[in-house]
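Note that the protein sequences, when read in sequence, are chains A and B.
If you read the first sequence in UniProt numbering, its first letter stands for residue 1, the second for the next number, and so on.
If you read the second sequence in UniProt numbering, its first letter stands for residue 1, the second for the next number, and so on.
In this text, a Cβ means the ideal position worked out from N, Cα and C, and glycines have one as well.
These notes concern the structure reproduced below.
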Amino acid sequence: MEGVSYQRFPKVKIRELKGDYVKFELRDTDASIANALRRVMIAEVPTIAIDLVEIEVNSSVLNDEFIAHRLGLIPLTSERAMSMRFSRDCDACDGDGQCEYCSVEFHLRAKCISDQTLDVTSKDLYSSDHTVVPVDFSDPAGYDSSEQKGIIIVKLRRGQELRLRAIARKGIGKDHAKWSPAATVTFMYEPDIHINEDLMETLTLEEKQSWVESSPTKVFDIDPVTQQ
Amino acid sequence: MEHGSLQDPSRATFSFVDEDHTLANAVRFTLNQDPRVSFCGYSIPHPSDARVNIRVQTTGDPAREVLKDGCQNLMLMCHHVRSTFDKAVGDYRTNTTEMEND
């Protein structure tokens, strides 16, 4: 096939890798491929998020749809997303899209009894499947226990109650941003800087220092030993 | 959907439904790498409509075959990127754990 000889296969090199953050280099390819990768990461990687909320009791200051909207935006651990089916494609359930193959059920019960304000957080959401739970953002070192309470959904005063049942389904970012797994994805070109060493030799030390300082972000440095 | 002429299979416009720049720009890039292609471009008639028109003109080969080969090349490239990425992550992890153990 004639096209094969012109086919370029890109190379990947990882710069940094943390639990929630990756920085890597992509070489020997075009911006269109990098952009396609970026667009797919934002919009077409499937995740699980709460999609249907049945509220039994709500006497909080926020109205029902407000709370339902906030619940939808809570990130859930979605390793199971690849093996789950989309609710609309599921043939195992009786048409209401709530069987175990295509959905995960959550419930939340909170009532404020004390005089102190009760924070209803994502940690109060109980899942029917222990692999799909609200993401835990707490610091593993555990400095300050007050910062590890999870995402606050609503605050309750004495006597206010919230009881609801929520169904989480698989979806993609294109349908609604709550299903987008990525916070931000960016790419940029890496500039290739070549310094003409012969010309550098002709500059005096003061001229070299002013040249180093002239760049708005500190890119160059003078080696004190060799003064290059 | 292909809009072409019956007499001249080497030039045609293909209409892709439910697609956008994500696929179209990548396919355009792989088609341009193919030496059989003399012209390749894509347009989106209206942003609210999820439809993409890809125009391919070749040096004689049927445009449909060239487009199929371009899509195959794109798939190969994506598989390659995936395996390279997995390998790079594995290497990075072993390298960083070695550095920590030193």
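Taking just the CA atoms, how far does Tyr42 (chain B) sit from Leu164 (chain A)? Between Leu164 (chain A) and Tyr42 (chain B), the alpha-carbon positions lie close to 48 Å from each other.
Go to Asp64 (chain A), then tell me how far its alpha helix (DSSP H) extends in each direction, as first and last residue. Where Asp64 (chain A) is concerned, the enclosing alpha helix (DSSP H) stretches over 64-72.
With a threshold of 7 Å on Cβ separation, who are the neighbours of Asp124 (chain A) within its own chain once the five nearest residues in sequence on each side are excluded? Leu108, Ala110, listed in sequence order.
Going residue by residue through the stretch 6-49 of chain A, where are the continuous beta strand (DSSP E) segments of at least 3 residues, counting only ones entirely within it? Under the rule that a run must span 3 or more residues, the beta strand (DSSP E) segments found entirely inside the stretch 6-49 of chain A read 11-18, 21-27.
To which residues does DSSP link Gly60 (chain B) through a beta bridge? Partner(s): none; Gly60 (chain B) has no beta bridge.
Burial state of Met82 (chain A), where buried means 16 or more other Cβ atoms lie within 10 Å: A residue is called buried when at least 16 other Cβ atoms come within 10 angstroms of its Cβ; Met82 (chain A) does not meet this threshold and is exposed.
Leaving out five residues before and five after Arg85 (chain A) in sequence, what residues of the same chain have Cβ atoms less than 6 Å from its Cβ? Taken in chain order, the residues that qualify are Tyr101, Cys102.
So, is the C-beta of Lys208 (chain A) closer than 9 Å to a C-beta in chain B? It does not: the Cβ of Lys208 (chain A) has no partner Cβ on chain B nearer than 9 Å.
Identified DSSP bridge partners for His107 (chain A): DSSP, once it has assigned bridges, lists A:Tyr126, A:Arg165 as partnering His107 (chain A).
Three-state secondary structure (DSSP) at Ala92 (chain A)? Looking at Ala92 (chain A) - three-state DSSP - the assignment turns out to be coil, as it is neither helix nor strand.
Could you check how far apart the C-beta atoms of Ser32 (chain A) and Phe14 (chain B) are, in whole angstroms? I think they sit under 8 Å. With 8 Å as the limit, Ser32 (chain A) and Phe14 (chain B) do not qualify as a contact, their Cβ atoms being about 17 Å apart.
So which residues of chain A does Tyr92 (chain B) contact, with C-beta pairs closer than 8 Å? The answer, in chain order, is Ile14, Leu17.
What number of angstroms, rounded off, separates the C-alpha of Asp192 (chain A) from the C-alpha of Ala183 (chain A)? Their Cα atoms are separated by approximately 29 Å.
For Arg88 (chain A), tell me which candidate among A:Arg169, A:Val40, A:Val120, A:Arg39 has the shortest Cα-Cα distance. If we check each option's Cα against that of Arg88 (chain A), A:Arg169 comes out closest.
Amino acids of chain B, ordered along the chain, whose beta-carbon sits closer than 7 Å to that of Lys23 (chain A): The contacting residues do not exist; Lys23 (chain A) stays about 11 Å from chain B at best.
Within its chain, find whatever has a CB closer than 7 Å to the CB of Val53 (chain A); leave out the 5 residues flanking it on each side and keep chain order. Once the five neighbours on either side are set aside, the close Cβ partners of Val53 (chain A) are Ala68, Leu71, Leu164, Ala166.
Cα separation between residue 235 (chain A) and Leu23 (chain B)? No answer is possible for residue 235 (chain A): it lies beyond the span of chain A, which begins at 1 and ends at 228.
Please decide whether Glu2 (chain A) counts as near chain B, where near means a Cβ-Cβ distance under 9 Å. Because the pLDDT at Glu2 (chain A) is just 45, under 50, the model does not fix this residue reliably, and the value given afterwards should be weighed accordingly. With 9 Å as the cut-off, Glu2 (chain A) counts as an interface residue toward chain B.
Can we say the stretch 74-81 of chain B touches the stretch 35-50 of chain B, given the rule of at least three CB pairs closer than 8 Å? The stretch 35-50 of chain B and the stretch 74-81 of chain B do not touch, with fewer than three beta-carbon pairs separated by less than 8 Å.
Distance check for Asn58 (chain A) and Leu118 (chain A), CA to CA, integer angstroms please. Their Cα atoms are separated by approximately 14 Å.
Taking Glu190 (chain A) as the reference, which of A:Ile14, A:Glu213, A:Arg27 has the closest Cα? Nearest of A:Ile14, A:Glu213, A:Arg27 to Glu190 (chain A), Cα basis: A:Arg27.
Going along chain B, which residues have a C-beta under 9 Å from Ile33 (chain A)? Those are Asn25, Ala26, Phe29, Thr30, Leu74, Met77, Cys78, Val81, listed as they occur along chain B.
How would you call Thr58 (chain B), buried or exposed, if buried means at least 16 neighbouring beta carbons within 10 angstroms? By the neighbour-count rule (16 or more Cβ atoms within 10 Å), Thr58 (chain B) is buried.
8 Å CB neighbourhood of Cys112 (chain A) in its chain, flanking five on each side removed: So the list reads Leu118, Leu156, Arg157, Arg158, Gly159, Gln160, Glu161, once near-sequence residues are dropped.
To the nearest angstrom, report how far apart Val132 (chain A) and Tyr126 (chain A) are at their CA atoms. When rounded, the distance between both Cα atoms is 10 Å.
Phe14 (chain B) in three-state terms, based on DSSP: Here Phe14 (chain B) sits in strand by DSSP.
Strand pairing of Phe39 (chain B), partner residues [DSSP]: Phe39 (chain B) pairs with B:Gln57.
Where does Asn58 (chain A) fall in DSSP's three states? Correct three-state label for Asn58 (chain A): strand.
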